[in-house]
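Notes follow the structure.
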Amino acid sequence: MTINQGGWRPEMGAASNDDAGATYTGNKALMLEEALLFEIGDTQTTGVDFDDVAGGVSRLGGLERNKEIGLAGLTEPQAVRHYTRLSRQNYAIDLGLFPLGSCTMKHNPRLNEKVARLPGFADIHPLQPVDTVQGALGVIAELGEWLIRLTGMHSVAMSPKAGAHGELCGLLAIRSALEARGDAREVILVPESAHGTNPATAAFAGYRVENIPANAAGRVDLDALKARLGPDVAGVMITNPNTCGLFEPDMKAISEAVHAAGGLVYCDGANFNAIVGRVRPGDLGIDAMHINLHKTFSTPHGGGGPGAGPVVFSEALTPFAPLPFVELQGKQYVLVEEETAGEHHASSFGRMAAFSGQMGMFTRALTYILSHGADGLRQVAEDAVLNANYVLRRLDGVLDAPFGASGPCMHEALFSDKGFAGGLSTLDLAKALIDEGFHPMTMYFPLVVHGAMLIEPTETESKATLDQFIGALRSVAERAKAGDESLKAAPVHAPRRRLDETAAARKPVLAWRAPGQAEAAE
Ligand SMILES: *Cc1c(COP(=O)(O)O)cnc(C)c1O
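Count along the sequence shown from 1, add 481, and you get the number used in the working numbering.
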């Protein structure tokens, strides 16, 4: 049996899953199985009832299709049910806690959605004359001002479309600044605990990446960093708070040392939720930092998008920031699309995207910011940190917290698999959490901790939800420590059990073939 042929059938359920609960339909209670569109419909029937077009004259100049298109013909109810069933197979923040560390899966307020759907924001086109989209440009400008104010930085580029895109934007600005002073440098230093996007971005921007070790307290080893600085180092990429959920108290000293050695400082601001309203990165000597609107400012994410990763810049990098940018000239918002003399964008490195950025995310983020206000945003950070510390301390003695002894964490609680009985792993615990009705936490990241489990509850979870989650975690952790081998079979209640994730990643089956069609076509 191969995955690309045929849907899920009860005999598969029983055979491949050794599942005593297999049913005739493959459905499990009201969790419905769903086959592919091509398996539900066929190419011979059609859900609509049009007369054949007779005597039409093609104006496509010989480019018209000359074969059957091969799409399954479905009725409207079939199509609606297909997608509704698939949507029910998603776990979502609207269903329950999403404890993924480093992802800030907070509630997406409905007010954001209402504003984003206003026709004046939702139905406009990026090529419309600017005098017809003054309100939208005003949103971009006002959001940008908030981001500058909250970070204490000098300017902002709104167009990057996600955190990783923002990183690239920041590094391209750093590269331009260095080249402008005739000082091409080759190396970017990245801490061992960094998110994978940091070294990937640096390599993509043409730099050689070197690691900076962490010290015993889970922070950047300042002495090791200083020892490595020199005329070949273009800059550093530091995440603060870092991916161990810890604040980097030496950030100012790091910035000073990097600047003294002629380099620039990039900060990965994905964890801004922990410090928004409390710490201004601009005060820490940072030159460029991206902000994940889809994390800190509650715009929906997961499933790959959309995101938005505006980048704030120091004065030194401002002239190199990308185009376009929005500027208020008199009473009119103007979209500046070319380099301008003066302080802003005089030596822009170019564009990150065709247009101005993710408008739908901008309206949601600004709505979120305005509905909280400055004091509300500060409380966001405080409550996010409080919730994470509640999880950390309630699991004292249950799960090993590698940096738990060094004091409170920021917005994420980090645990390891130390103390699990032989043969049982973080993966087994995560799979057992699925049976308990929880999406697992981030696993095996950061890499500096063995069997890492990174939990970020965010400020939007109630104490009652956290207590239930902690209870579930406590239960599965105790099973892991006691050597309960049944954990290896988890999840037992999910429609799919343990999938071959490596094969799925390495040999993805991306095209459907009708049963019997040769595999050799691959
Ligand atoms: C999420 C995240 C990123 C990448 O952001 P995307 O929007 O997913 O590209 C980078 N660094 C850290 C620490 C993150 O948590």
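Built from N, CA and C at the ideal position, the CB exists for glycine as well. Because the structure is a prediction, the values reported are computed rather than measured.
Determine the direct distance from the alpha carbon of residue j to that of residue i, and round the result to whole angstroms.
i, j, result
"G726", "K899", "18 Å"
"A686", "D713", "15 Å"
"M482", "G997", "Because M482 carries a pLDDT of 29, less than 50, the predicted location of this residue cannot be relied on, and the following value inherits that uncertainty. So the two alpha carbons sit approximately 12 Å from each other."
"I772", "H782", "14 Å"
"E824", "A953", "55 Å"
"W993", "R689", "40 Å"
"L599", "L592", "11 Å"
"L774", "V757", "12 Å"
"M586", "A855", "21 Å"
"S956", "A869", "19 Å"
"L851", "G625", "13 Å"
"R978", "A986", "17 Å"
"A426", "F531", "For the chain, the structure presents residues 482 to 1003; residue 426 sits outside this window and is missing."
"L914", "L576", "15 Å"
"G831", "A645", "17 Å"
"G601", "L567", "32 Å"
"P889", "S657", "39 Å"
"D965", "A734", "48 Å"
"A1002", "P989", "Residue placement at A1002 cannot be trusted, given a pLDDT of 44 that sits under 50; what the coordinates show is reported in the next sentence. Spanning the two alpha carbons is a distance of roughly 15 Å."
"D916", "R540", "58 Å"
Please tell me whether residue i and residue j are closer than 8 Å, where the distance is taken between their beta carbons.
i, j, result
"L618", "V807", "yes"
"V611", "L816", "yes"
"V879", "A961", "no"
"Y572", "H853", "no"
"E737", "V701", "no"
"S829", "L798", "no"
"V620", "T777", "no"
"P976", "E520", "no"
"A865", "T939", "yes"
"G790", "G647", "yes"
"L710", "V739", "yes"
"S640", "A827", "no"
"A971", "D909", "yes"
"M634", "P762", "yes"
"F901", "L578", "no"
"N752", "P800", "no"
"A715", "L659", "yes"
What do you get for residue i, buried or exposed, if any count of 16 or more other CB atoms within 10 angstroms of its CB means buried?
i, result
"A661", "exposed"
"T477", "Only positions 482 to 1003 of the chain appear in the structure, and residue 477 is not among them; the question remains open."
"H931", "exposed"
"Q839", "buried"
"T565", "exposed"
"G788", "buried"
"N754", "buried"
"N547", "exposed"
"A882", "buried"
"K912", "buried"
"N679", "buried"
"G651", "buried"
"I655", "buried"
"A496", "Residue placement at A496 is poorly supported in this model, since its pLDDT is 39, which falls under 50; the coordinates are not used for a value here."
"G744", "buried"
"A510", "exposed"
"T504", "exposed"
"E893", "buried"
"S943", "exposed"
Could you work out which residue in the options is closest to residue i when comparing CA atoms only?
i, options, result
"P607", "D704, E818, L581", "E818"
"L581", "I629, N679, N589, F926", "F926"
"V746", "T720, P730, F753", "T720"
"G616", "V973, M634, V596", "V596"
"L905", "S779, L968, N696", "L968"
"F794", "S779, G766, Q813", "G766"
"L809", "E623, L895, V561, R978", "E623"
"V671", "L659, A684, N752, A665", "A684"
"E937", "T678, A665, A913, H588", "H588"
"A675", "G964, D877, I574, C748", "C748"
"Q559", "G743, A516, F531, G542", "A516"
"T682", "L653, N692, D664, L706", "L653"
"T527", "K509, A553, L518", "A553"
"L706", "I669, T724, R832, G677", "I669"
"V760", "G918, E917, V538, L628", "L628"
"M924", "K988, L567, A933", "A933"
"S779", "K988, C584, V534", "C584"
"I550", "T524, Q570, L541", "T524"
"T946", "G677, V872, M732", "V872"
"L518", "L876, T556, D965", "T556"
"M512", "V529, Q570, E982, M770", "Q570"
Using a C-beta cutoff of 8 Å, does residue i count as contacting chain D?
i, result
"G952", "No chain D appears in the structure shown, which is made up of a single protein chain."
Is any heavy atom of ligand 2 found at a distance shorter than 7 Å from the C-beta of residue i?
i, result
"S583", "In terms of ligand content, the structure shown lacks ligand 2 and carries ligand 1 instead."
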